């Protein structure tokens with residue numbers, strides 16, 4: 052599992068991105084199924100920030116189609 056962290060020049064933490072291989076929350080999978088039928092998850096990162104956490108998801112579909120989602124665990128698209 053790889054992680055990257057960002058800090059300000061003063062050393063304050065801004066965010067962390069971690070490769071995510073677990074099971075996505077049901078609202079996220081429901082959103083993908085409803086709006087991106089036929090797409091498969093190519094890459095998924097969990098982004099953690101001070102006031103917001105979300106999933107950064109790359110989707111691929113046959114024929115070269117791609118989509119990039121930023122979505123909260125509640126299924127809210129950012």
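Numbering (the working numbering), first residue to last: 52 to 129. We put the beta carbon where it would ideally sit given N, CA and C, even for glycine. Keep in mind the model is a prediction, meaning the values are calculated, not measured.
Looking at the structure shown, is residue i part of a helix, part of a strand, or coil, going by DSSP?
{"i": "residue 82", "result": "helix"}
So residue i and residue j are supposed to be a Cβ contact under 8 Å. How far apart are they, rounded?
{"i": "residue 63", "j": "residue 99", "result": "Going by Cβ atoms, the distance from residue 63 to residue 99 rounds to 14 Å, so no, they are not a contact pair."}
{"i": "residue 83", "j": "residue 95", "result": "That pair is no contact at about 11 Å."}
{"i": "residue 71", "j": "residue 97", "result": "4 Å"}
{"i": "residue 124", "j": "residue 104", "result": "7 Å"}
Which residue or residues does DSSP assign as beta-bridge partners of residue i?
{"i": "residue 98", "result": "68, 105"}
{"i": "residue 55", "result": "68"}
{"i": "residue 116", "result": "112"}
{"i": "residue 146", "result": "The structure shown does not extend to residue 146, since the chain is modelled only from 52 through 129, so no value can be given for it."}
Mind checking residue i: buried by the 16 CB within 10 Å criterion, or exposed?
{"i": "residue 75", "result": "buried"}
{"i": "residue 106", "result": "buried"}
{"i": "residue 116", "result": "exposed"}
{"i": "residue 120", "result": "buried"}
{"i": "residue 127", "result": "exposed"}
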